[in-house]
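Here the structure comes first, spelled out in structure tokens, and everything after it is commentary.
Residue numbers (the working numbering), protein chains in the order written: chain A, -8 to 111; chain B, -8 to 111; chain C, -8 to 111.
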């Protein structure tokens, strides 16, 4: 049972990336990560997003895969960690052969740490 | 590793149903889904519930399985997405041969979207 | 697919322990569980912790494994259920051969139930 737990945790954790790693990379000239804001809400509801993120609602993602870059790693996020939208987007990206992970703690955690956002 | 991630995400997401799908179904004359409110709190603490839900505390679920209908799909929910009570109820239902899933974002998400609730 | 869901849920739930079980055990003279507060924040940010917990930031855990007791079961917790820090600590502990699980609903849930905390 311990091995099953360990394998489960390894796979689970491999789906996530923490905000520190993302933020440090985004400050580099040739950053590897691209943030995708997969919230389905309109801009009037979203109001702001993580600085430098691309708005890519999960419901539209499949139709926009050809615009994405296979040399990048996409970091998806939704409002909070409690939703399943980020994992839906992640499944779409991984199934299409992209490198992708979910931002640990989502937008809520990013804002809670007072990390950079921008008005949209 | 990508295949493991994809399989993990597929199984994870198969456990959930989103509020839109549930709400549309509940508005049909012959709805397929039945909401089970599995919170263990007494009614005085719960105060309200999703409109049309059946109060079925997770701690009592095993004793009430014979009252459930195998032609329905049960949608369980707890207070928030962060608890494990919904998944405990889900395991009980699936192990007993019922179709069941967990409401994505739980009661908190339902109320956040201002979807219909009722006083209890 | 039902078997995959059931196995997934069993493994997922085996990672967690609920606050009632922990609290009852901690009230025994020879308790089995030891709470590890794995938050990485300094004490000035944390302010309080679960009563009797040991402060063991996840970032320092690997360096302190030799101080832990293989006859105990370690219960890790972070601020909320939405973070991945608890699961990172859990993976470290299980991989090193310790018995360990994560506190369901984390510190947030413990405080929400008004269970005992202590100033640090």
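A virtual CB, placed ideally from N, CA and C, is assigned to each residue, including glycine.
Which of helix, strand or coil DSSP assigns to residue 29 (chain C): The answer is coil: DSSP assigns residue 29 (chain C) none of H, G, I, E or B.
Closer than 7 Å, Cβ to any Cβ of chain C: which residues of the stretch 73 to 106 of chain B, in chain order? Identification of residues in the stretch 73 to 106 of chain B having a C-beta nearer than 7 Å to some C-beta of chain C yields 73, 74, 75, 78, 79, 81, 82, 85 and 86, given in sequence order.
CB contact below 8 Å: residue 26 (chain B) versus chain A: No, because no Cβ of chain A sits closer than 8 Å to the Cβ of residue 26 (chain B).
Got a sec, what are the start and stop residues for the beta strand (DSSP E) residue 39 (chain A) sits in? Where residue 39 (chain A) is concerned, the enclosing beta strand (DSSP E) stretches over 39 to 41.
With distances taken from CA atoms, which of A:78, A:18, A:25 and A:44 is nearest residue -1 (chain B)? Among A:78, A:18, A:25 and A:44, the Cα nearest to that of residue -1 (chain B) belongs to A:78.
Name, going along the chain, the residues of the stretch 0 to 27 of chain B whose beta-carbon falls closer than 9 Å to a beta-carbon of chain C. For the stretch 0 to 27 of chain B, residues whose beta-carbon sits nearer than 9 Å to a beta-carbon of chain C comprise 1, 2, 3, 5 and 6.
Residue -3 (chain B) at chain A interface by Cβ criterion, 8 Å: Yes - at least one Cβ of chain A is within 8 Å of the one on residue -3 (chain B).
By how many angstroms is the C-alpha of residue 32 (chain A) removed from the C-alpha of residue 104 (chain B)? In this model, residue 104 (chain B) and residue 32 (chain A) are separated by some 11 Å (Cα to Cα).
Give me the Cα-Cα distance between residue 27 (chain C) and residue 35 (chain A), rounded to the nearest whole angstrom. Taking C-alpha positions only, residue 27 (chain C) is separated from residue 35 (chain A) by approximately 42 Å.
Which residue from B:73, B:84, B:68 and B:72 puts its Cα closest to that of residue 58 (chain B)? Closest by C-alpha distance to residue 58 (chain B), out of B:73, B:84, B:68 and B:72, is B:84.
Give me, in chain order, the residues of the same chain whose beta-carbon lies closer than 7 Å to that of residue 97 (chain C); leave out the 5 immediate sequence neighbours on both sides. Here the set comprises 68, 69, 70, 71, 72 and 77.
Indicate whether at least one CB of chain B lies closer than 8 Å to the CB of residue 64 (chain C). So no, residue 64 (chain C) is outside the interface.
Just the C-alpha distance for residue 10 (chain A) and residue 44 (chain B), rounded to the nearest angstrom, thanks. For residue 10 (chain A) and residue 44 (chain B), the distance between alpha carbons rounds to 38 Å.
Between which two residues does the beta strand (DSSP E) containing residue 94 (chain A) stretch? Judged by DSSP secondary structure, residue 94 (chain A) falls within the beta strand (DSSP E) whose first and last residues are 90 to 94.
With C-beta atoms as the reference, is residue 29 (chain A) less than 8 Å away from residue 52 (chain A)? With contacts defined as CB atoms closer than 8 Å, residue 29 (chain A) and residue 52 (chain A) qualify as a contacting pair.
So the beta strand (DSSP E) residue 109 (chain A) belongs to, where does it begin and stop? First-last of the beta strand (DSSP E) with residue 109 (chain A): 108 to 110.
CA nearest to the CA of residue 110 (chain C), picked from C:63, C:80 and C:46: Ranking C:63, C:80 and C:46 by Cα distance to residue 110 (chain C) puts C:46 first.
Using the C-alpha atoms, what's the distance from residue 86 (chain C) back to residue 8 (chain C)? Counting only the Cα atoms, residue 86 (chain C) lies some 18 Å from residue 8 (chain C).
Please name the residue in C:14, C:-6 and C:48 whose C-alpha comes closest to that of residue 102 (chain C). Checked all of C:14, C:-6 and C:48; the closest Cα to residue 102 (chain C) is C:14.
Ends of the beta strand (DSSP E) at residue 64 (chain A)? Following the DSSP letters along the chain, one finds residue 64 (chain A) inside the beta strand (DSSP E) bounded by residues 64 to 68.
Indicate the three-state DSSP secondary structure (helix, strand or coil) for residue 46 (chain C) in the structure shown. Residue 46 (chain C): strand per DSSP, three-state reduction.
I'd like to know if residue 40 (chain C) contacts chain B, where contact means its C-beta is closer than 8 Å to some C-beta of that chain. Residue 40 (chain C) does not count as touching chain B.
Residue 37 (chain B) to residue 50 (chain B) span [Cα, whole Å]: The straight-line gap from Cα to Cα measures roughly 15 Å.
Beta-carbon separation of residue 75 (chain A) and residue 92 (chain A) under 8 Å? Taking 8 Å as the cut-off, the Cβ atoms of residue 75 (chain A) and residue 92 (chain A) do not count as close.
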